[in-house]
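Each residue of the sequence shown is one higher than the one before, starting from 1 at the first, in full-length UniProt numbering.
By construction, the Cβ of each residue, glycine as well, lies at the ideal position given by its N, Cα and C atoms.
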Amino acid sequence: MDMGSGDCQISMLWNWYTIDACFLTSSWHISTRGQFAGSCIGVILLVIVLEGLRRLSKEYDRLILRQYQAAHFAMLNRNPSSSSSSSSSSNEAANDGTPNSKNAGATTKSRAFADSAAPPTRFRANVWQQMVRALLHMLQFACAYFIMLLAMYFNGYIIICIFIGAYIGSFIFSWESVEL
C-alpha cells in the first residue's frame, strides 16, 4: 500500500488529490485513504454544525423574545389600561354568559384585538443575552471561515463534502413549522 511521498500536495487549481493532500496546516497531512475518508466525514460534520449553530441562534432569539413577551404581557395584565377595560366590559354586557350564546367568545376575540391594537413595543436584549447572541455569532463566523478555507484548497472531494454537509444540515435544522 502506497503511503505517499511525505510532501504536501497543495494546488490552487481544481484537484482530486487524496493521498498527500494537506488542509489548513502541515499537521493535517493525509497519508492514507482512511485519513482522507475521516477528513471528508469531519468536513461534512463541520458544515452540519454550522447549520445547527444557525438554528440555535434563531431559536435563542425566539426564546428571549418569548421571555420578554411573557413578562410584558404579565405586566400589562397587572396594570390594565382604561381602553381595554372599557371595551371588555361592553363585550361582557353583550354576552349573556351562557355557553351557547351567539356572542360567546366575543370577549376573548375583543381582548385579542385590543392587545393587537396596542402600540408596538420595542425589545432590546440585555447585556447577558447579547453576550450569548454574540458568542453564537462568533462561533458561526469561525465555523464558516474554516469551511471557506477548506473550499479554497479546490479539492473536489472536500467541496462535494461541503455540499453534502449543507444539504444534511439544512434538512435537519431548517425543518420547522411556521405559523399561518
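*Determine the burial state of G34: buried for a count of at least 16 other Cβ atoms within 10 Å of its Cβ, exposed for fewer.*
Position 34 of the sequence shown holds residue 34. When all chains shown are included, G34 counts as exposed.
*asked:* One question on the structure: do R54 and F173 come within less than 9 Å of each other, judged by their Cβ atoms?
replied: For the purposes of this step, residue 54 is taken as residue 54 along the sequence shown, with counting starting at 1. For the purposes of this step, residue 173 is taken as residue 173 along the sequence shown, with counting starting at 1. Yes; because the gap between Cβ atoms is below 9 Å, this pair is in contact.
*Going by other Cβ atoms of all chains shown within 10 Å of its Cβ, with 16 needed for buried, is F36 buried or exposed?*
Position 36 of the sequence shown holds residue 36. Burial check for F36: the Cβ neighbour count within 10 Å reaches 16 or more, so the residue is buried.
*Run the CB neighbour count on A21, radius 10 Å, all protein chains shown included, and call it buried at 16 or more, exposed below.*
Within the sequence shown, the letter at position 21 stands for residue 21. Using a 10 angstroms sphere on the CB of A21, the tally of other CB atoms reaches 16 or more, which defines it as buried.
*Straight-line CA distance for H137 to T121?*
As a working note, residue 137 is residue 137 in the sequence shown. As a working note, residue 121 is residue 121 in the sequence shown. Straight-line Cα distance between these residues: approximately 25 Å.
*asked:* Taking the alpha carbon of residue 181 as the reference point, which residue from A70, V43, R78 has its own alpha carbon closest?
replied: Outside the modelled stretch of the chain, which goes from 1 to 180, sits residue 181, for which no answer is possible.
*Have a look at L180, E179, G165 and flag the residue whose alpha-carbon is nearest the alpha-carbon of G52.*
Sequence index remark: in the sequence shown, residue 52 carries index 52 (1-based). That would be G165, whose Cα lies nearest to the Cα of G52.
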